[in-house]
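A short write-up of the structure that comes next.
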Amino acid sequence: MGAKSMSAAADSAKLHRTSIGFWLYLMTDCMLFASLFATFAVLRTATADGPSGADIFQLPLMLVSTVILLVSSFACGIALIGLKNRNMVQIAWGLTATFVLGVAFLSIEIYEFAHLINEGYGPDRSAFLSAFFTLVGTHGLHILVGLIWLAVLGWVFYKRGINAKSGRQLTIFGMFWHFLDLVWIFVFTIVYLLGVLS
Amino acid sequence: MDLRIYYRLFVGGTFMTIARYTIGFILSLGLTLLAYAVVVYKLLDTWAVAALIALAIVQMIVQLIYFLHISDETGPRYKLQSFIYMASLLVFLVVGSLWIMGHLNYNMMNMSPEQKDGYMMGEKDRGF
């Protein structure tokens, strides 16, 4: 076995370990979201005679933001395939699309929060709204962290190109971004869809 | 006919292609629109809540397979194991919280059992 294939095998083993380690972090992050979902589920009717979900949620807008995040997750997948094929152009386009769509998603959420607070339905209005702002806000904070990470990652690829290290970083970023889309399915279903239904 | 080729194409295998991501994307989009239609067009009545949660779980499985490639793992399936462990803790946490707090609300009311039942029925009508 030559030195080159030895180092390729070592890189592959390291990628495997990194990916399992990051996956375990994602599982602990799920427990954070689980506790926030449990809080929201318990407090969903504690509206203190204020508005309920059905009164304040703009469901068509939330559908748009759900689809935006899904397309963003798909674009991130395109960048990951680009990494596999060592195609720098595909990585650049994939990550740019991921970033732009992520910013669009976060902008809709900031607009929604600002709109609710302006109407007087801020987190201090009722226990339901406190739980709502905490759950959706925590997801939004993850998206913000992801966008900052993505900007740094773009800079790393621009400066250093594709190598074992930047490849590992892009792989775990991809896991993080897909995971945020997965959590959002449950936010959309439990907070918005079930909120409007009842 | 060897069915393993279909398994490789649609579920498992180590290769990652745009086609696979596209399948995952279309399935996720369809499940999202279906869940939205159930609420907006009131497609279901009594089973709507169960159907929405089932649709979310199906979409989760779709994304785990097509986006997070959990089915590609070989050898000890650490990702799948830790995911199942996390999911079971999550069910205990969420269902347990709802169960305990529901009973707590019931037992904290300073009423006779008959008044309680009447009150709870009233709450149920309000969509509790």
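For the record, the sequence lines run as chains G and V.
To convert, note that position 74 of the first sequence is 74 in our numbering; the numbers rise steadily by one, no gaps.
Position in the second sequence counted from 1, then plus 1000, gives you our numbering.
Beta carbons are placed, not taken as given, at the ideal position from N, Cα and C, and that holds for glycine.
Quiz prompt | Supposed close pair P51(G), Y121(G) - CB separation, criterion 8 Å | solution = Residue numbering aside, residue 51(G) sits at position 51 when the first sequence is read from its first letter. Residue numbering aside, residue 121(G) sits at position 121 when the first sequence is read from its first letter. Going by Cβ atoms, the distance from P51(G) to Y121(G) rounds to 6 Å, so yes, they are a contact pair.
Self-check item: Residue from L63(G), L24(G), F74(G) and L69(G) whose Cα sits closest to the Cα of I1023(V)
Solution: Within the second sequence, numbered from 1, the residue matching residue 1023(V) stands at position 23. Comparing Cα-Cα distances from I1023(V) to each of L63(G), L24(G), F74(G) and L69(G), the minimum goes to F74(G).
Exercise. Compare the Cα-Cα distances from F200(G) to each of M1060(V), L1029(V), L1104(V) and L1093(V) and report the closest residue.
Key: Residue 200(G) is absent from the structure shown; chain G starts at 1 and stops at 198.
Exercise. Please compile the residues from chain V whose C-beta is within a distance smaller than 7 Å of the C-beta of A79(G).
Key: As a position in the first sequence, residue 79(G) is number 79, starting the count at 1. Those within 7 Å of A79(G) in chain V number zero; the least Cβ separation is about 11 Å.
Quiz item: For the region 1052 to 1122 of chain V, which segments carrying the beta strand (DSSP E) assignment without a break, of at least 3 residues, lie completely within its bounds, in sequence order?
Solution: Restricting attention to beta strand (DSSP E) runs no shorter than 3 residues, the region 1052 to 1122 of chain V encloses none.
Quiz item: From this set, A1056(V), A1087(V), W1099(V) and D1045(V), which residue's C-alpha is nearest L1034(V)'s C-alpha?
Solution: The residue labelled residue 1034(V) in the question sits at position 34 within the second sequence. The candidate whose alpha carbon is nearest that of L1034(V) is A1056(V).
Self-check item: C-alpha distance - L1093(V) paired with L15(G), whole-angstrom precision
Solution: Residue 1093(V) sits at position 93 when you count from the first residue of the second sequence. Residue 15(G) sits at position 15 when you count from the first residue of the first sequence. Distance between the alpha carbons of L1093(V) and L15(G) is about 33 Å.
Quiz item: Expressed to the nearest angstrom, what Euclidean distance is found between the alpha-carbon atoms of G182(G) and Y192(G)?
Solution: Position 182 of the first sequence, counting from 1, holds the residue named residue 182(G). Position 192 of the first sequence, counting from 1, holds the residue named residue 192(G). The sequence shown places Leu at residue 182(G), rather than the Gly named in the question. So the two alpha carbons sit approximately 15 Å from each other.
Quiz item: For the 8 Å Cβ check, are there 3 or more pairs between the region 4 to 24 of chain G and the region 155 to 169 of chain G?
Solution: Yes, since at least three Cβ pairs between the region 4 to 24 of chain G and the region 155 to 169 of chain G fall closer than 8 Å, the two stretches touch.
Self-check item: Rounded C-alpha distance that separates A127(G) from D49(G)
Solution: Residue mapping note: residue 127(G) aligns to position 127 of the first sequence, counting from 1. Residue mapping note: residue 49(G) aligns to position 49 of the first sequence, counting from 1. One C-alpha to the other measures close to 11 Å.
Quiz item: How big is the Cα-Cα spacing for G1013(V) and D1072(V)?
Solution: For this step, residue 1013(V) is matched to residue 13 along the second sequence. For this step, residue 1072(V) is matched to residue 72 along the second sequence. Its pLDDT being 46, under 50, G1013(V) is placed unreliably by the model, and the measurement read from it follows with that caveat. Going by C-alpha positions, G1013(V) is about 6 Å away from D1072(V).
Quiz item: In three-state terms, what does DSSP make of S52(G)?
Solution: Looking up residue 52(G) in the first sequence gives position 52. S52(G): coil per DSSP, three-state reduction.
Quiz prompt | For D124(G) and M1111(V), the rounded distance between their alpha carbons | solution = In the second sequence, residue 1111(V) corresponds to position 111, counting from 1. In the first sequence, residue 124(G) corresponds to position 124, counting from 1. The alpha-carbon atoms of M1111(V) and D124(G) are separated by roughly 30 Å.
Quiz prompt | Candidates I110(G), E109(G), A46(G) and W177(G), of which the one nearest V145(G) by Cα | solution = Residue numbering aside, residue 145(G) sits at position 145 when the first sequence is read from its first letter. Measuring from the Cα of V145(G), the nearest candidate turns out to be W177(G).
Self-check item: Members of the region 1086 to 1120 of chain V that neighbour chain G once the beta carbon cut-off is set at 7 Å
Solution: Residues M1086, L1089, L1090, L1093, V1094, S1097, L1098 and M1101.
Practice problem: Could you check what DSSP says for Q58(G) in three-state terms: helix, strand or coil? | Solution: To locate residue 58(G), count along the first sequence from 1; it is residue 58. In this structure, Q58(G) counts as coil in the three-state DSSP scheme.
Quiz prompt | Residues within the region 1051 to 1076 of chain V neighbouring chain G, beta-carbon criterion of under 8 Å | solution = Result list: L1052, I1053, L1055, A1056, Q1059, M1060, Q1063, L1064, F1067 and L1068.
Quiz item: Which residue comes first and which comes last in the alpha helix (DSSP H) that contains L141(G)?
Solution: Locating residue 141(G) in the first sequence gives position 141, where the first residue counts as 1. First-last of the alpha helix (DSSP H) with L141(G): A127 to R160.
Exercise. Compare the C-beta of A1019(V) against all C-beta atoms of chain G and say whether one is closer than 8 Å.
Key: Your numbering for residue 1019(V) matches position 19 in the second sequence. No, because no Cβ of chain G sits closer than 8 Å to the Cβ of A1019(V).
Exercise. Report the neighbours of I20(G) on chain V: residues whose CB is nearer than 8 Å to its CB, in chain order.
Key: Against the first sequence, residue 20(G) aligns to sequence position 20. For I20(G), the chain V residues whose C-beta falls within less than 8 Å of its own C-beta are Y1078 and K1079, listed in chain order.
Quiz prompt | The alpha helix (DSSP H) enclosing K1042(V), as first and last residue numbers | solution = Here residue 1042(V) refers to the residue found at position 42 of the second sequence. No alpha helix (DSSP H) holds K1042(V); DSSP gives it neither H nor E.
Quiz item: How is the alpha helix (DSSP H) around W93(G) delimited, first residue to last?
Solution: The sequence position of residue 93(G) within the first sequence is 93, counting from 1. Counting along the chain, the alpha helix (DSSP H) containing W93(G) begins and ends at M88 to N118.
Self-check item: Which listed residue (R1020(V), T1017(V), Y1021(V) and L1031(V)) has its alpha carbon closest to that of T189(G)
Solution: Counted from its first residue, the first sequence places residue 189(G) at position 189. The candidate whose alpha carbon is nearest that of T189(G) is L1031(V).
Quiz item: Heavy atom of the ligand GDP less than 7 Å from the Cβ of G1075(V), yes or no?
Solution: The ligand GDP is not among the ligands present in this structure, which contains no ligands whatsoever.
Exercise. Buried or exposed for R1020(V), please, with buried defined as at least 16 other CB atoms from any protein chain shown within 10 angstroms of its CB.
Key: Residue 1020(V) sits at position 20 when you count from the first residue of the second sequence. Residue environment analysis places R1020(V) among the buried positions, since at least 16 neighbouring C-beta atoms fall within 10 angstroms of its C-beta.
Quiz item: Just to confirm, are G249(G) and L106(G) a CB contact at a threshold of 8 Å?
Solution: Given a span of 1 to 198 for chain G in the structure shown, any question on residue 249(G) remains unanswerable.
Quiz item: What's the call for Q1081(V), buried or exposed, on a 16-neighbour Cβ count within 10 Å?
Solution: Residue 1081(V) sits at position 81 when you count from the first residue of the second sequence. Exposed, by the Cβ-count rule.
Exercise. Using a Cβ-Cβ cut-off of less than 9 Å, list which residues of the region 1021 to 1043 of chain V approach chain G; keep chain order.
Key: Here the close residues are Y1021, T1022, G1024, F1025, S1028, L1029, L1031, T1032, L1033, A1035, Y1036, V1038, V1039, V1040 and K1042.
Exercise. Mind listing the chain V neighbours of D181(G)? Cutoff is C-beta to C-beta under 9 Å, in chain order.
Key: Looking up residue 181(G) in the first sequence gives position 181. Under a criterion of Cβ atoms nearer than 9 Å, the residues of chain V adjacent to D181(G) are, in order, S1028, Q1063 and F1067.
Quiz item: Can you tell me whether R44(G) is buried or exposed, with buried defined as 16 or more other CB within 10 angstroms of its CB?
Solution: By 1-based counting over the first sequence, the position of residue 44(G) is 44. R44(G) comes out buried.
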